[in-house]
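J.:
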Amino acid sequence: MLQFQFTPTIVGRLSRNRRAGQTSFYRDRLGLAVAREHPGGTVFHAGAGFIEIPAHLAPDTAADATVGTMLWLQVRDVAATRNELAAAGVPIVAEPETKPWGLIEMTVNDPDGRRLIVVEIPSDHPLRRDVRG
19 MLQFQFTPTI VGRLSRNRRA GQTSFYRDRL GLAVAREHPG GTVFHAGAGF
69 IEIPAHLAPD TAADATVGTM LWLQVRDVAA TRNELAAAGV PIVAEPETKP
119 WGLIEMTVND PDGRRLIVVE IPSDHPLRRD VRG
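Taking the numbering used here, the leading residue of the sequence shown gets 19, the next gets one more, and so forth.
(1) Evaluate Glu113 with the Cβ neighbour count: other Cβ atoms within 10 Å of its Cβ, from every protein chain shown; 16 or more gives buried, anything less gives exposed.
(2) Return helix, strand or coil for Ala106, following the three-state DSSP convention.
(3) From Ile110 to Asn127, what does the alpha carbon distance come to, in whole angstroms?
(4) Please classify Arg147 as buried or exposed, where buried requires at least 16 other C-beta atoms within 10 Å of its C-beta.
(5) So, helix, strand or coil for Arg133, using DSSP?
(6) Anyone know if the C-beta pair for Phe43 and Pro129 falls short of 7 angstroms?
(7) Given a threshold of 16 other Cβ atoms within 10 Å of its Cβ, counted over all protein chains shown, does Gly59 qualify as buried or as exposed?
(8) From which residue to which residue does the beta strand (DSSP E) around Trp119 run?
(9) According to DSSP, what are the bridge partners of Arg54?
(10) Note down the Cα distance separating Ala104 from Pro57, rounded to an integer number of angstroms.
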């Protein structure tokens, strides 16, 4: 199961083309805990927030699923997460690498082609500094 470092304060709702495939992907491959399942969809825990795959929304077109909709999932160790995801059969789209902005990122896709950016914030990154003064 992914070890998240963040506490999101939003509920994300994902449109879906293949609800059963999406639910299985987020539950079985990413290891997100199910908050509740009901005829209207499945809601997953994501830190202190939630990700919902609703049953009542119309499916996206292929273009809609991949353009403009991305999830960033912050983890403690992106290399370990990469190995966990690969072992769970999740294809790695982009291997972990340090980006020019200093974050270590990798990319996978969900069953609808939506990009999931898996991010590690290194201990010396400015995002780790307390700037409240």
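Quick reminder that beta carbons are idealized off the backbone N, C-alpha and C, glycines included.
T.: Looking at the atomic coordinates:
(1) exposed
(2) coil
(3) 8 angstroms
(4) exposed
(5) strand
(6) yes
(7) buried
(8) Run containing Trp119: none; DSSP gives neither H nor E here.
(9) Val61
(10) 31 angstroms
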